[in-house]
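Enquirer: Numbering (the working numbering), first residue to last: 176 to 646.
Virtual Cβ for every residue (Gly too), placed ideally from N, Cα, C.
Note that the structure is a prediction, hence the values are computed from the model and not measured.
#1: Is DSSP giving residue 389 helix, strand or coil here?
#2: Within the same chain, show all residues whose beta-carbon is closer than 8 Å to that of residue 583, passing over the 5 residues directly before and after it, in chain order.
#3: Going by C-alpha distance, which of 366, 412 and 399 is nearest residue 276?
#4: Kindly indicate which three-state DSSP category residue 288 falls into: helix, strand or coil?
#5: Report the rounded CA-to-CA distance for residue 427 versus residue 278, giving the unit in angstroms.
#6: For residue 481, which three-state DSSP category applies?
#7: Tell me whether the region 260 to 274 and the region 233 to 242 touch, counting them as touching only if at least three CB pairs, one residue from each stretch, are closer than 8 Å.
#8: In terms of alpha-carbon separation, which member of 348, 380 and 409 lies closest to residue 498?
#9: Since residue 405 is in the alpha helix (DSSP H), which residue starts that stretch and which ends it?
#10: Looking only at its chain, what residues have a beta carbon closer than 7 Å to the beta carbon of residue 594, apart from the 5 residues adjacent to it on each side?
#11: Could you check which residue in 557, 491 and 591 has the C-alpha nearest to that of residue 566?
#12: By the three-class DSSP mapping on this structure, what secondary structure does residue 534 have?
#13: Is it the case that the Cβ atoms of residue 561 and residue 504 are separated by a distance below 7 Å?
#14: Would you grab the beta carbon distance between residue 362 and residue 349 for me? Rounded to a whole angstrom, and I think it's under 8 Å.
#15: When you compare the region 356 to 370 with the region 297 to 305, are there three or more beta-carbon pairs, one atom per stretch, that lie closer than 8 Å?
#16: Counting along the chain, where does the beta strand (DSSP E) carrying residue 306 start and finish?
#17: Less than 7 Å between the C-beta atoms of residue 374 and residue 313, yes or no?
#18: What does the alpha-carbon distance come out to for the pair residue 519 and residue 468?
#19: Assign residue 296 to one of two classes, buried (16 or more other C-beta atoms within 10 Å of its C-beta) or exposed (fewer than that).
#20: Between the Cα of residue 492 and the Cα atoms of 413, 251 and 553, which residue gives the shortest distance?
#21: Tell me which same chain residues have a C-beta within less than 8 Å of the C-beta of residue 259, skipping the five on either side of it?
#22: If you measure between the beta carbons of residue 407 and residue 282, is that distance less than 7 Å?
#23: If we call anything under 7 Å between Cβ atoms a contact, is residue 395 one with residue 378?
#24: Here's a check: name, in chain order, each residue in its chain whose Cβ is nearer than 8 Å to the Cβ of residue 444, leaving out the five neighbours to either side.
#25: Run the CB neighbour count on residue 422, radius 10 Å, all protein chains shown included, and call it buried at 16 or more, exposed below.
#26: Given this structure, state the Cα-to-Cα distance separating residue 456 from residue 559, to the nearest angstrom.
#27: Let me check one thing: in DSSP terms, what residues is residue 147 bridge-paired to?
#28: Can you look up residue 293 in the DSSP assignment and give me helix, strand or coil?
#29: Among the residues of its own chain, which have a CB less than 7 Å from the CB of residue 546, if the five just before and after it don't count?
#30: Going by Cα to Cα distance, which pick from 516, 523, 478 and 450 is closest to residue 485?
#31: Would you mind working out which of 537, 253, 460 and 451 sits nearest residue 231, comparing C-alpha positions?
#32: Find out if the Cβ-Cβ distance for the pair residue 366, residue 290 is shorter than 7 Å.
#33: DSSP beta-bridge partners for residue 453?
#34: With distance defined between alpha-carbon atoms, name the residue in 578, 589 and 598 nearest to residue 605.
#35: Could you give the DSSP three-state label for residue 186: helix, strand or coil?
#36: Within 10 angstroms of its Cβ, does residue 261 collect 16 or more other Cβ (buried), or is it exposed?
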C-alpha cells in the first residue's frame, strides 16, 4: 500500500483517468482555437480580386440598406455576389481534397547538373481542378555531428559545404493548367542542386484559385522519396593517366619471371593448350600429358587515399575538401573506364575506415559516389591512422595516389605507403601541381570554378589569416 491508503492498481487507474482528461482538454482547446481563428484564416485566403469583389458586394449591401423599397437591385446584386464568394470558397477546397500526386525522378544526380522530375496528378473525383500550382520542398537529411577537438562549428546537415556553411531548403514549383474529373495530368519541372549530399523530399504543397480566382485554396501532403546528389565531376589532365599507365608497366616488368612466381599447379592436357606448357618430368612419371597452370594476369590496380583532415588549411578549407572529393570521384570513373581496378580509402567520422573497390566494369561506382556524397571531414585523424587499419598487401603492386589536405600540413608519417612494389604520387590539393591536373566542372560550367580560386592561396596568407582571427 502506498501512503494514504491508495494501492498500486488504484493509483494507476487514477493516473490513466488524469491523462485521458488532459488529452481531452487539449483536444477541445485546439478545436476551440481552430474554430475561433477560422474567420481570420479564411479572410487571409482572399486574393486581390477577391477583396475587390467583396468590397463591391459590401457597397451594394450599403446601398440596399439605404433604400426603403423591399425589392431593389442593389440587394439582389449583393446576394448574388455573396453566393459567388461562398461557392468559390467551397469548390476551391473540394477541388484539392481528393487529388493524388505521384513523382518520378532519378534516384541520383550530379551536383550542378539539372534532372527532370515528372509529377502525375490523378483526380479521382468528378469535379475538375484548374490552375494547380505544385510546390515541392527538397532539403538535406539531418546528421548528428560529433563534436571534435580543434574543429570549428559545422552545420549538422548535409551537404555542409556551402559557401556560407549553411544548407537551405530548396523549393521547386510546377503548374498544371487543367486536371479533368477522373483523369490524369502530367507535368514536369527541372531540378538543379549545386551541392552534393543526401536529400529527401519533405512536403508537397498544392494551391489553386479555382474556380473564380477569389480564394486561394491550399493543401499539403507528405512527400516520399529522396535524391542522392553525387559530387560534381571534372576534367583530369591526360598526363596523369599516362603516368599511371607507365608506372604500372614498370611494376609488371619489375616482377620476376612468370614461371617462378605465377606458377599455380599442374593439370591434365586439354586440346588447345600450348606445347611449351607441358611439364615433361611429371608427364613421364604419370604416363599422361600434364601441363602447367598459371595465375591469371593481375589487373592494373590504383589505390586512392583521400584525406579528410582539414586542419591548418585556413578559411578555404571546405572548398579544398570539395575539390578533393570531386577529384576522387572523377579519377575513379576515368581510371575504371581505362581498365584499372580502383580501391578508394578514406577516414569518415565515427567509422574506422571506408574502403570501396571499383572494378574495371565500373561495378560499385555508384556505391562509391554515394559514399562521397555524404562524406564529412574528420579533424581527429590523419592519413597516418590508415596504417594500422589496412593490410600491407593492399598497397602492392599498385599505383598509390594520395590526395593530401590537413595531413600534409600536420606532416603526418606517410613512409608506410612506399614500398618496392608500388609507385606513390602525393598530390597537395592546394598546390599548383594539382591545379594544373584537375579542372572542376565541364567547360560550360567554367564560371563555377571561380569560387574555388582562393583555394590555391599561399599557406603564409592562410596562417596570417588564422592568426588575425585568433587575435
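Expert: For this structure:
#1: coil
#2: 482, 601 and 603
#3: 399
#4: coil
#5: 52 Å
#6: strand
#7: no
#8: 409
#9: Looking at the DSSP string, residue 405 is not in any alpha helix (DSSP H); the run it does join, the beta strand (DSSP E), is 401 to 405.
#10: 570 and 571
#11: 591
#12: coil
#13: no
#14: 5 Å
#15: yes
#16: 304 to 315
#17: yes
#18: 32 Å
#19: buried
#20: 553
#21: 228, 387 and 389
#22: no
#23: yes
#24: 453, 463, 464, 465 and 466
#25: buried
#26: 51 Å
#27: This structure leaves residue 147 out entirely; the chain is present only between 176 and 646.
#28: strand
#29: 529 and 531
#30: 523
#31: 253
#32: yes
#33: 466
#34: 578
#35: helix
#36: exposed
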